[in-house]
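Residues in the sequence shown are numbered consecutively from 24, following our numbering.
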Amino acid sequence: MAPLTPVPSGTIFCVMLNRRDFGVASAAALLGACGTTGEAPPDAEPSAAPSGPLYFDLHIDTPGRLVREGLDLGESPEYSQVDIPKMRQGGLNAGFFAVFSSARSKEPIESVKDALTITDVIVQEVARHPDDMFLATTADDVVRAQREDKIGVMLGVEGGHMIDSSIEVLRQLYRLGTRYLGLTHSGNTPWVGAAEYDDGPEGLTDHGREIVRAMNRMGMMADLSHASQKAFFDTVETSSAPILNTHAACFAIAQHPRNLTDEMLKALADNGGVLGVAYYTGMLDDEHRARFKELAEINGRRREVGQQFSGDLKRLSQELWKLNLAEVELIGAPPLSRLVDHIEHAATVAGIDHVGLGSDYDSVGLKLPAGLEHIGKTPNLIEAMKERGFSEEDVAKVMGGNALRALRAAEAAAA
24 MAPLTPVPSG TIFCVMLNRR DFGVASAAAL LGACGTTGEA PPDAEPSAAP SGPLYFDLHI
84 DTPGRLVREG LDLGESPEYS QVDIPKMRQG GLNAGFFAVF SSARSKEPIE SVKDALTITD
144 VIVQEVARHP DDMFLATTAD DVVRAQREDK IGVMLGVEGG HMIDSSIEVL RQLYRLGTRY
204 LGLTHSGNTP WVGAAEYDDG PEGLTDHGRE IVRAMNRMGM MADLSHASQK AFFDTVETSS
264 APILNTHAAC FAIAQHPRNL TDEMLKALAD NGGVLGVAYY TGMLDDEHRA RFKELAEING
324 RRREVGQQFS GDLKRLSQEL WKLNLAEVEL IGAPPLSRLV DHIEHAATVA GIDHVGLGSD
384 YDSVGLKLPA GLEHIGKTPN LIEAMKERGF SEEDVAKVMG GNALRALRAA EAAAA
């Protein structure tokens with residue numbers, strides 16, 4: 024994440040930056056802010072907002088753009104993945120907005136400050152659109168959002184480094200509205216091990232278990248999307264409340280190191296937790312992920328564009344969006360059915376009551392299944408699940424019912 028710089032009141036920069044391409048697109052621009060993302064050519068574009076099941080997304084990465092760009096969610100540029108018009112079009116009722124700061128490039132105390140700053144930016148942006156959004160903190164708020172035809176914005180902190188190992192900081196984040204904490208992100212903390220990193224503890228330390236128990240007492244859920252397998256099983260053993268994997272997929276289908284094995288899926292079910300199946304194609308399809316190496320030339324052009332338009336954020340976003348489209352033209356995109364494969368496998372192994380959605384929009388560029396290029400296209404996923412044979416009841420569980428149930432259970436555990 025780029026350094027946090029205050030944005031003057033009234034300033035709106037229309038640039039889509041993408042955390043997963045950190046350092047590639049614009050290390051020279053925006054002091055290291057991330058690459059762009061955007062919308063592919065229309066593909067079964069829904070014509071109107073649906074009146075369907077509760078839609079509750081467990082992981083949306085738009086807050087990084089709010090901080091870096093001073094983005095107004097009331098605007099809807101073509102390269103935007105999540106904004107109010109598209110959330111309306113896609114039928115979103117509630118979603119966890121991720122509060123993120125890099126675990127590898129900053130000291131923990133800096134990340135604590137980032138957590139406070141990003142939370143404040145989200146709260147201010149929500150307050151700017153009271154007819155469309157409100158800050159949600161409970162399961163009842165999620166239900167209220169659907170009833171009142173508004174969007175309930177919930178807060179999830181993505182990375183245990185953002186509490187600097189402090190239960191006191193954890194409590195304050197809860198008081199500000201945080202309702203889940205990702206135990207790790209792009210690196211280990213002193214008290215829990217991360218997936219893809221081996222320079223820290225293998226699983227949960229004793230202090231890590233204390234932190235999980237403290238989360239249980241206050242009603243904050245643990246997100247294990249970036250945790251090591253050992254940390255996953257340690258947390259399942261420790262937690263008295265359901266856990267979340269807000270954005271991951273199934274290892275049996277795609278061998279990404281963060282995906283859940285069948286053993287993990289069964290443990291998740293025993294705990295009462297929910298897997299938010301991610302849309303990132305690198306986690307959905309091994310063959311497609313192998314083609315990422317073909318993007319070296321385009322990534323080089325990202326660096327050039329970042330240098331050339333470092334002083335013009337809107338033009339920068341437009342040029343980087345063109346490169347995202349070029350990526351899709353070069354390596355294509357897996358069909359929407361590939362995402363449904365993961366949903367179906369998770370439902371088969373863990374049970375339909377333990378599957379949800381965690382789109383990861385605004386973090387993965389256009390590395391998304393065809394037909395889900397932005398949140399407004401969500402009805403395409405509903406239709407794809409129905410075509411696969413999911414009943415109306417099961418679709419409703421995946422779209423948001425299971426996430427709502429887990430949130431209620433966490434609240435009950437705290438009580």
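Using N, Cα and C, we set each Cβ at its ideal position, and we do this for glycine too.
Could you tell me which of the options sits nearest to residue i, measuring between CA atoms?
i: residue 341; options: 396, 397, 143, 102; result: 102
i: residue 405; options: 216, 389, 387, 366; result: 366
i: residue 321; options: 407, 107, 411, 349; result: 349
i: residue 371; options: 336, 389, 413, 403; result: 413
i: residue 155; options: 95, 352, 437; result: 95
i: residue 158; options: 118, 264, 134; result: 118
i: residue 301; options: 271, 309, 218, 396; result: 271
i: residue 97; options: 332, 410, 150, 360; result: 150
i: residue 100; options: 356, 251, 344; result: 344
i: residue 318; options: 75, 390, 401, 107; result: 390
i: residue 259; options: 142, 282, 286; result: 286
i: residue 131; options: 210, 227, 438, 430; result: 210
i: residue 323; options: 128, 347, 82; result: 347
i: residue 196; options: 355, 162, 379, 134; result: 134
i: residue 351; options: 187, 380, 304; result: 304
State the start and end residues of the unbroken beta strand (DSSP E) segment that holds residue i.
i: residue 203; result: 201-205
i: residue 245; result: 244-246
i: residue 269; result: 267-271
Going by DSSP, what residues sit across from residue i in a beta bridge?
i: residue 380; result: 300
i: residue 80; result: 118
i: residue 179; result: 121, 203
i: residue 208; result: 210
i: residue 283; result: 273
i: residue 217; result: 250
i: residue 174; result: 156
Return the Cβ separation of residue i and residue j in integer angstroms, given the expectation that the two are a contact with Cβ distance under 8 Å.
i: residue 243; j: residue 203; result: 6 Å
i: residue 368; j: residue 275; result: 6 Å
i: residue 179; j: residue 121; result: 5 Å
i: residue 218; j: residue 251; result: 5 Å
i: residue 328; j: residue 377; result: At roughly 42 Å, the Cβ-Cβ gap does not stay under 8 Å, so residue 328 and residue 377 are not in contact.
i: residue 84; j: residue 386; result: 4 Å
i: residue 110; j: residue 190; result: In fact, because the Cβ distance is near 34 Å, the residues do not count as touching under 8 Å.
i: residue 392; j: residue 283; result: Not really, about 19 Å apart at Cβ, beyond 8 Å.
i: residue 407; j: residue 359; result: 5 Å
Locate the alpha helix (DSSP H) running through residue i, then write down its first and last residues.
i: residue 256; result: 252-261
i: residue 166; result: 162-170
i: residue 156; result: Taken as a continuous stretch (DSSP letters only), residue 156 belongs to no alpha helix (DSSP H), being part of the beta strand (DSSP E) at 156-158.
i: residue 371; result: 359-372
i: residue 235; result: 229-241
i: residue 104; result: It is not in any alpha helix (DSSP H) - residue 104 carries neither H nor E in the DSSP assignment.
i: residue 135; result: 131-150
i: residue 85; result: Premise fails: residue 85 is in no alpha helix (DSSP H) and is neither H nor E.
i: residue 127; result: Segment: none, residue 127 is in no alpha helix (DSSP H) and carries neither H nor E.
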